[in-house]
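Visitor: Residue numbers -19 to 261, in our numbering, belong to the letters of the sequence shown in order. C-beta atoms are modelled at their ideal positions from N, C-alpha and C, and glycine is treated no differently. As the structure is a prediction and not an experimental result, all values here were calculated from the model. Below is a structure I'd like to ask you about.
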Amino acid sequence: MPKDPVQQYAESLERTIQQNYYSLKESIENFKEMALLVTPEREVPQEIIVEIRQLYKEIQNRLSEIKAIQQLLQGKYRQYYHRNPLRDREIIEFGFLAKNLYSKVEYTLMQKQAKAKRREEVSKGEPKGFPFQWFRSRDHQVLFLRNLRLLKELSYEAPSEAGAQEMRGVSEENRGFTLFSIRGETELINAIYLRARLREQDVLERFSKDELHGLFIHLKEVSTEEVEKLLRRFIEEEERRKLKCLLLRVLSLKGLREGLMEEVKLILERMAPGEIKTVFL
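This is the structure in structure tokens:
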């Protein structure tokens, strides 16, 4: 006795689900292998990225088709539909795995693009032959270079005669920004770095095991005493007696000369614990 045409159609829908299931199983393995190639450290050819995106799109299309057929079988053809719980669970897991892998790929690519943009920004903003690397972190160095450009722009503004007269009454130490170095025993440096709370615009970096480097950005005119007060905000008096604190008041780009880092090291070596020293550049 021939089968009911409706039953035959329902069975053909079930076969379509099964075919998509086998195809998904193979595609997910390939997708996983390619997705794991994308890491922050590895350069991946653009062709691979295109293939990953295309394969993810195909996986989503198959998942959508399976879902649509399942809804049809559960509704109109319910009497002919026999669920396969194990297969259904695997299909759901395929969807989660593909989504998680793809999200990680796209996030990694965004990180790499942002990193490349920062490198380009540093390259554009860094004066030709610029030798001064105060921060190890590229993000911190970018912020530092932005302030250098601002200082350079201020230096090039030609004041009027009245403005020049007014500027003579303003101490040069009120302009620019301040770099600082804090050197001491590793455990003490650890403690200060972990608990330090700077102003939103300032920067603090663990430069080495026994040294912190930082940047105070001045949003208004400040004196040397006010800068030292900023330093004391996150260093307790008892700790300060064991530390060497060097402040570099940057007033001009010319002060950031070649060999300055070596000079900073020499100054710190000659300083006594508990000393706060200010140098104008």
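If you follow the beta strand (DSSP E) that Ser117 is in, where does it begin and where does it stop?
Guide: Taken as a continuous stretch (DSSP letters only), Ser117 belongs to no beta strand (DSSP E), as it is neither H nor E.
Visitor: Quick one: Cα of Ser3 to Cα of Met90, how far?
Guide: C-alpha separation (whole angstroms): 30 Å.
Visitor: According to DSSP, is Phe160 helix, strand or coil?
Guide: Strand, per DSSP.
Visitor: Going by C-alpha to C-alpha distance, which of Lys97, Asp68, Ile29 sits closest to Glu(-6)?
Guide: Ranking Lys97, Asp68, Ile29 by Cα distance to Glu(-6) puts Asp68 first.
Visitor: Using the C-alpha atoms, what's the distance from Phe260 back to Val150?
Guide: Any reading at Val150 is ruled out, since the residue's pLDDT is 35, under 50, leaving its predicted position unreliable.
Visitor: So Tyr36 and Phe11 are in contact, right, with Cβ under 8 Å, and what is the actual spacing, rounded?
Guide: Tyr36 to Phe11, Cβ: 7 Å. Contact.
Visitor: Alpha carbon to alpha carbon, what distance is there between Leu66 and Arg42?
Guide: Rounded to the nearest angstrom, the two C-alpha atoms are 18 Å apart.
Visitor: Leaving out five residues before and five after Pro253 in sequence, what residues of the same chain have Cβ atoms less than 7 Å from its Cβ?
Guide: Correct list, in chain order: Arg221, Lys222, Leu223, Lys224.
Visitor: Hey, how far is the Cα of Glu153 from the Cα of Ala176?
Guide: The predicted model places Glu153 with a pLDDT of 41, which falls under 50 and marks its position as unreliable, so this point remains unresolved.
Visitor: Is it true that the CB of Leu228 sits closer than 7 Å to the CB of Tyr248?
Guide: Checking the sequence shown, residue 248 turns out to be Leu, not Tyr. Against a cut-off of 7 Å, the Cβ pair of Leu228 and Leu248 comes out as no contact.
Visitor: State the CB to CB distance for the pair Asp190 and Ile169, rounded to an integer number of angstroms; the pair is presumed to be in contact (CB under 8 Å).
Guide: With a Cβ gap of about 6 Å, Asp190 and Ile169 count as contacting.
Visitor: Does the distance from the CB of Leu159 to the CB of Leu210 come in under 7 Å?
Guide: No, Cβ-Cβ distance for Leu159 and Leu210 is not below 7 Å.
Visitor: Taking just the CA atoms, how far does Lys245 sit from Ser140?
Guide: Caution is warranted here: a pLDDT of 41 is assigned to Ser140, below 50, making its placement in the model unreliable, and the coordinate value is therefore given only provisionally. Cα to Cα, the separation comes out at about 41 Å.
Visitor: Only counting the same chain, and skipping five residues up and downstream in sequence, which positions put a Cβ closer than 6 Å to that of Gln121?
Guide: Correct list, in chain order: Phe115.
Visitor: Alpha carbon to alpha carbon, how far is Asn0 from Ile39?
Guide: Their Cα atoms are separated by approximately 9 Å.
Visitor: Are there 16 or more other CB atoms within 10 angstroms of the CB of Pro(-15), so buried, or fewer, so exposed?
Guide: Flag for Pro(-15) reads exposed.
Visitor: With distances taken from CA atoms, which of Gln59, Gln26, Pro20, Glu45 is nearest His(-2)?
Guide: Here the sequence assigns Gln to residue -2, which means His is not the residue at that position. Of the candidates Gln59, Gln26, Pro20, Glu45, the one whose C-alpha sits nearest the C-alpha of Gln(-2) is Glu45.
Visitor: Roughly how many angstroms lie between the CA atoms of Glu167 and Glu219, to the nearest whole one?
Guide: Spanning the two alpha carbons is a distance of roughly 11 Å.
Visitor: Taking all protein chains shown into account, decide if Glu55 is buried (16 or more other Cβ within 10 angstroms of its Cβ) or exposed.
Guide: In the sequence as presented, Glu is not what sits at residue 55; that position holds Gly. By the neighbour-count rule (16 or more Cβ atoms within 10 Å), Gly55 is not buried but exposed.
Visitor: Assuming Arg(-5) is part of the alpha helix (DSSP H), what are its boundary residues?
Guide: Element bounds for Arg(-5): -15 to 15.
Visitor: With DSSP run on the structure shown, which of helix, strand or coil describes Val202?
Guide: Here Val202 sits in coil by DSSP.
Visitor: At the level of alpha carbons, what is the spacing between Ala171 and Ser117?
Guide: Cα to Cα, Ala171 sits roughly 20 Å from Ser117.
Visitor: Just to confirm the assignment, what range does the beta strand (DSSP E) spanning Val230 have?
Guide: Looking at the DSSP string, the run of the beta strand (DSSP E) that includes Val230 is 224 to 230.
Visitor: Kindly indicate which residue of Phe157, Phe214, Glu180, Arg186 has the alpha-carbon position closest to the one of Glu201.
Guide: Per the Cα distances, Phe157.
Visitor: Which whole runs of the alpha helix (DSSP H) in the segment 23 to 60 are 4 residues long or more, in chain order?
Guide: Correct list: 26 to 55.
Visitor: Distance, Cα to Cα, Ile32 vs Ile215?
Guide: Answer to the nearest angstrom: the Cα atoms are 51 Å apart.
Visitor: Give every residue of the same chain whose Cβ lies closer than 8 Å to the Cβ of Leu199, excluding the five residues on either side of it in the sequence, and list them in chain order.
Guide: Taken in chain order, the residues that qualify are Gln181.
Visitor: What does DSSP give as the partner residues of Ser188 in its beta bridges?
Guide: DSSP lists Glu191 as partners of Ser188.
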